[in-house]
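This report concerns only the one structure given below.
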Amino acid sequence: MYQLRTYTLRTAEVLHDYATTHWPRHISSLRAFGVTTHGIWTDHTADAHRLIALIAYPEGADPAEVTAAYMASPEFAADMEGFDISNILNVEEILLDPTAASPLS
Numbered sequence: 006m007y008q009l010r011t012y013t014l015r016t017a018e019v020l021h022d023y024a025t026t027h028w029p030r031h032i033s034s035l036r037a038f039g040v041t042t043h044g045i046w047t048d049h050t051a052d053a054h055r056l057i058a059l060i061a062y063p064e065g066a067d068p069a070e071v072t073a074a075y076m077a078s079p080e081f082a083a084d085m086e087g088f089d090i091s092n093i094l095n096v097e098e099i100l101l102d103p104t105a106a107s108p109l110s
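Quick look at the structure:
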C-alpha cells in the first residue's frame, strides 16, 4: 500500500532544512520499519512551503500502527534532532492503491 504524505512547513527556510536534512534521514530509518520511500519533492508553488513524500508500506501492514511505532522510536527522535516539530503546520496523508496499469503495481 502506498501513501502520499504532504507536509506544510512554516517558512521556506524550515522547508529547506526539513527537505535537505531531516526527511532524508527518514529514508533509512523508515526502511527498518519496512517502509520504502519512493521519492520526496517540494511543491513548486511559491510560498506553499510543502514537502510531498511517496512511501510504501509492507503488504498487510497497518499504516497507522507502523507510523505510531516509528514516531515513538529512537530512530525517529534521532532523525528529528535539532528540528522544532512545531514548524510542521499540517500533515495530510492519502492512502493509494496502484491500478493494474501502474508501473508501481
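All residue numbers for the sequence shown refer to the working numbering, where the first residue is 6 and numbers rise by one.
The C-beta atom is built at its ideal place from N, Cα and C for all residues, glycine as well.
Using DSSP's beta-bridge definition, name the partner residues of residue i.
{"i": "W46", "result": "I57"}
{"i": "N95", "result": "T13"}
What is the residue span of the alpha helix (DSSP H) that residue i lies within?
{"i": "E18", "result": "A17 to D22"}
{"i": "P108", "result": "Neither: P108 is in no alpha helix (DSSP H) and is coded neither H nor E."}
{"i": "P4", "result": "As shown, the chain starts at 6 and ends at 110. That puts residue 4 outside it, with no answer to give."}
{"i": "I32", "result": "W28 to R36"}
{"i": "A83", "result": "P79 to D84"}
If residue i sits next to residue j, beta carbons under 8 Å apart, how far is it from one beta carbon to the other, in whole angstroms?
{"i": "V19", "j": "N92", "result": "4 Å"}
{"i": "E97", "j": "T42", "result": "That pair is no contact at about 17 Å."}
{"i": "L9", "j": "L56", "result": "L9 to L56, Cβ: 11 Å. No contact."}
Does the beta-carbon distance from residue i to residue j come in below 9 Å?
{"i": "A73", "j": "V40", "result": "no"}
{"i": "A78", "j": "S34", "result": "Note that residue 78 is Ser in the sequence shown here, rather than Ala. A contact, by the Cβ cut-off of 9 Å."}
{"i": "L101", "j": "Y7", "result": "yes"}
{"i": "T16", "j": "A53", "result": "no"}
Flag this pair as touching only if the stretch 23 to 41 and the stretch 75 to 85 have three or more C-beta atom pairs under 8 Å; answer yes or no.
-> yes
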